[in-house]
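Student: Note that the UniProt record's numbering gives residue 44 to position 44 of the sequence shown, counting from 1, and the numbers run on in steps of one. Idealized CB from N, CA, C, for every residue including glycine. These numbers were taken from a predicted model, which means no experiment stands behind them. Quick one: the structure is below, and I'll ask about it shortly.
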Amino acid sequence: MTATPLLERWFLPDARSLMLIPTSVALILYLYLTYLQLFVLRALCNWCLMSAGLTLVIFGTLIFS
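Encoded structure:
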């Protein structure tokens, strides 16, 4: 009976923490892909930049909320 709150606190973090992990991975991936667009391909993709911008907005919202 007393282990249930401990398990919830240790293994089931809140939704913000659960969203922060994949958003951080996506942000790092988009930073790398944007680097490739700028310096390797020397061409920009509007859809890719829009997706990276939305990921940055989501990441910022999670960090500063």
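Is the region 50 to 62 touching the region 20 to 29 in the sense that three or more CB pairs, one from each, lie closer than 8 Å?
Tutor: They touch, by the three-pair rule.
Student: When we look at the beta-carbon of Ala-52 and count the other beta-carbons within 10 Å, is it buried (16 or more) or exposed?
Tutor: Taking the first residue of the sequence shown as 1, we reach residue 52 at position 52. Label assigned to Ala-52: buried.
Student: Quick one: using the 10 Å Cβ neighbour count with 16 as the cut-off for buried, is Tyr-35 buried or exposed?
Tutor: Translated into positions along the sequence shown, residue 35 becomes position 35. With fewer than 16 Cβ atoms within 10 Å of its Cβ, Tyr-35 is classed as exposed.
Student: Can you tell me which of the three DSSP states Cys-45 falls into?
Tutor: Here residue 45 refers to the residue found at position 45 of the sequence shown. Correct three-state label for Cys-45: coil.
Student: From Cys-45 to Leu-18, what distance separates their C-alpha atoms?
Tutor: Numbered from 1 along the sequence shown, position 45 holds the residue referred to as residue 45. Numbered from 1 along the sequence shown, position 18 holds the residue referred to as residue 18. Between Cys-45 and Leu-18, the C-alpha separation is close to 29 Å.
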